[in-house]
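Engineer:
In full-length UniProt numbering, the protein residues as written are 1 to 496.
#1: Among 233, 488, 289 and 225, which one has its Cα closest to the Cα of residue 368?
#2: Would residue 469 and residue 106 be called neighbours here (beta carbons separated by less than 8 Å)?
#3: Closest to residue 333 by C-alpha separation, out of 287, 434 and 374, would be which residue?
#4: Among all the DSSP beta bridges, which residues are the ones paired with residue 403?
#5: Between residue 253 and residue 186, how many whole angstroms is the CB-CB distance? I'm expecting something under 8 Å.
#6: Please state whether DSSP places residue 102 in a helix, a strand or coil.
#7: For residue 199, I'd like the list of residues in its chain whose CB is within less than 6 Å of its CB, leaving aside the five on either flank, ordered along the chain.
#8: Does DSSP put residue 273 in a helix, a strand or coil?
#9: For residue 385 versus residue 295, is the C-beta spacing smaller than 8 Å?
#10: Straight-line CA distance for residue 350 to residue 283?
#11: Span of the alpha helix (DSSP H) holding residue 355?
#12: Measure the Cβ-Cβ separation of residue 207 and residue 418 and say whether it is below 8 Å.
#13: As a quick exercise: from 250, 270, 236 and 440, pick the residue whose alpha carbon is nearest that of residue 354.
#14: Please report the residue range of the alpha helix (DSSP H) in which residue 200 lies.
#15: Run through DSSP, which three-state label would residue 177 get?
#16: Drop a sphere of 10 angstroms on the beta-carbon of residue 401, count the other beta-carbons inside from all chains shown, and report buried for 16 or more, exposed for fewer.
#17: Here's the rule I'm using: 16 or more other beta-carbon atoms within 10 Å means buried, otherwise exposed. How should residue 263 be labelled?
#18: Run through DSSP, which three-state label would residue 454 get?
#19: Does the Cβ of residue 311 have 16 or more other Cβ atoms within 10 Å, making it buried, or fewer, making it exposed?
#20: Report the rounded CA-to-CA distance for residue 159 versus residue 342, giving the unit in angstroms.
#21: Applying the 10 Å Cβ sphere with the 16-neighbour rule, what's the burial state of residue 306?
#22: Rounding to the nearest angstrom, what Cα-Cα distance links residue 143 and residue 202 in this structure?
#23: In angstroms with no decimal places, state the Cα-to-Cα distance between residue 331 and residue 316.
#24: Span of the alpha helix (DSSP H) holding residue 513?
#25: Can you name the start and end residues of the alpha helix (DSSP H) that residue 372 belongs to?
#26: Please list, in chain order, all residues of the same chain as residue 336 whose beta carbon is under 6 Å from its beta carbon, the five residues on each side excluded.
#27: Just checking my contact of residue 403 with residue 258 at CB under 8 Å: how many whole Å lie between their CB atoms?
#28: Leaving out five residues on either side along the sequence, give the residues of the same chain with a beta carbon under 7 Å from the beta carbon of residue 297.
#29: For residue 132 and residue 238, I'd like the C-alpha separation in whole angstroms.
#30: If we count the other Cβ atoms within 10 Å of its Cβ and call it buried at 16 or more, is residue 452 buried or exposed?
#31: Apart from the five residues on each side of it in sequence, which residues of its chain come closer than 6 Å, Cβ to Cβ, to residue 210?
#32: If you run the structure through DSSP and keep just helix, strand and coil, what is residue 214?
#33: Could you tell me how far apart the beta carbons of residue 244 and residue 473 are, in whole angstroms, since I believe they sit closer than 8 Å?
#34: Here's the rule I'm using: 16 or more other beta-carbon atoms within 10 Å means buried, otherwise exposed. How should residue 165 be labelled?
#35: Starting from residue 317, trace the beta strand (DSSP E) both ways and give me its first and last residue.
#36: Are the beta-carbon atoms belonging to residue 240 and residue 454 less than 8 Å from one another?
Pasting the structure below:
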């Protein structure tokens, strides 16, 4: 599996039939200094932009395991490129006349969506700074008859576009991500994620009107997936209330015409600062309090702890340097560390996090250093709704001969959409686009891949399938009831 810095969801497909070597190292997302996030109503400090909360870089690299916890749905014999597949016998399309409307609508909008994607791609903006993209997307949705709310819920670059038909009906949520990466632009394909959300909303608007189905579509423009936790803030402020289901998709490398759906790891960052006292390392070392020793002991404590944690748990960290360059003849008075703690569920993460925190406290006590600890916002694990997942796989297989692989065991990465899946039934499939060798997510090669015509056409196919799934949520009460029952059942199982 690639290092977690190499992509957001890209590895979910990349390990199917081939192995990538390590991707080039890219600069991490710039961390916010002196974080003190304590809730969505906190007053921002000068220079923090739209949100001053602290979250690790959103490293969401996914690799699908082979074996008993993997199975596939959809596709024909000729598309059996994925491992350990269990065939689906269901190949019928729900209301094929509506499917035809959705396809016709998206084919008609394809040139506009392509232009929109290229515009976003060619003007990359970092998290919470997506001002041009915010204005571009809100203007586009307004021009297509949606009710648009800019700067949604106090986030300068978040937005909401909604459209409803008839009286009553259910509410479908869709997400469009917008932010780029430092130095390499849209190397995670958020231009494609943005137009997928837009495309689902446009197609469903046409379908509800033409077939006279009551329902509401809510498209959220969600900022700062790459490290800012934009969706987490929107959840706190009520952005996902009243939605019955929420959908989005994510591009990555992998076999042609393939989709991956699996859980992710919950993750939380911990930043540690040790404050000591300088002294001459040879003349009077006993007068010093060594902050570097504290960092060394903390690192060693965690290394020893790893023997007693589960194989599915991860703890990894770095020393981020002191205030100035360290000198060998001076007892260091300051060190700073950043750690990430991961587990297959948030419930497990909470337990592991406390054990890791004890490692840091023990190091401070042993060395006499004063310790500052900042625990970042948690990204929860993805709870992919099983009914939505299987139905989407069947749509993509029956209509487009795509293969969908679903893994029950947690893979390697994390995303703020995981928090959405804790709030309501949701689906976050990853799909393959053509990439160059070693060109997975978060590399310059993927930036180029996300701009290609081939990637656009594949994204459009994925969008058609998601729109068809979304229509069924709005139209089929029994289906939506099954989706919600699965959500409650899976939630209870995961929380045990």
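Here a beta-carbon is modelled for each residue, glycine too, at the ideal position from N, C-alpha and C.
Structural biologist: Considering the structure as presented:
#1: Comparing Cα positions, the closest option is 289.
#2: Against a cut-off of 8 Å, the Cβ pair of residue 106 and residue 469 comes out as no contact.
#3: Proximity to residue 333 across 287, 434 and 374 peaks at 287, based on C-alpha coordinates.
#4: 258.
#5: With 8 Å as the limit, residue 253 and residue 186 do not qualify as a contact, their Cβ atoms being about 15 Å apart.
#6: In this structure, residue 102 counts as helix in the three-state DSSP scheme.
#7: Cβ neighbours of residue 199 beyond the five flanking positions: 106, 113 and 463.
#8: If DSSP states are grouped into helix, strand and coil, residue 273 belongs with the strands.
#9: The Cβ-Cβ distance between residue 385 and residue 295 does not fall below 8 Å.
#10: Rounded to the nearest whole angstrom, the CA to CA distance from residue 350 to residue 283 is 45 Å.
#11: Segment 346-367, the alpha helix (DSSP H) holding residue 355.
#12: Going by C-beta atoms, residue 207 is not nearer than 8 Å to residue 418.
#13: Of 250, 270, 236 and 440, the residue nearest in Cα terms is 270.
#14: In the DSSP annotation of this structure, the continuous segment of the alpha helix (DSSP H) that includes residue 200 starts and ends at 190-211.
#15: Strand, per DSSP.
#16: Under the 10 Å beta carbon count, residue 401 is surrounded by fewer than 16 other beta carbons and is classified as exposed.
#17: That one is buried.
#18: In the three-state reduction of the DSSP assignment, residue 454 falls in the helix class, which pools H, G and I.
#19: Its Cβ having fewer than 16 others within 10 Å, residue 311 is exposed.
#20: Rounded to whole angstroms, the gap between the alpha carbons of residue 159 and residue 342 is 30 Å.
#21: By the 10 Å Cβ count, residue 306 comes out exposed.
#22: One C-alpha to the other measures close to 11 Å.
#23: Taking the straight line from one Cα to the other gives about 26 Å.
#24: It is not possible to answer for residue 513, since the shown part of the chain is limited to 1 through 496.
#25: No alpha helix (DSSP H) holds residue 372; the beta strand (DSSP E) holding it covers 370-379.
#26: The beta carbon of residue 336 lies closer than 6 Å to those of 273 and 320 in the same chain, with the five residues before and after it left out.
#27: Contact flag correct, Cβ pair sits at about 5 Å.
#28: Non-local beta-carbon contacts of residue 297 in its own chain, meaning distances under 7 Å to residues more than five positions away in sequence, involve 363, 366 and 367 in chain order.
#29: Roughly 25 Å separates the two Cα atoms.
#30: Answer is exposed; the Cβ neighbour count stays below 16.
#31: So the qualifying residues of the chain are 101.
#32: When secondary structure is reduced to three states using DSSP, residue 214 falls in the coil class, being assigned neither helix nor strand.
#33: Right, the Cβ-Cβ distance comes to about 6 Å (below 8 Å), so this counts as a contact.
#34: Around the Cβ of residue 165, a 10 Å sphere holds 16 or more other Cβ atoms; the residue is buried.
#35: 314-319 is the extent of the beta strand (DSSP E) around residue 317.
#36: Taking 8 Å as the cut-off, the Cβ atoms of residue 240 and residue 454 do not count as close.
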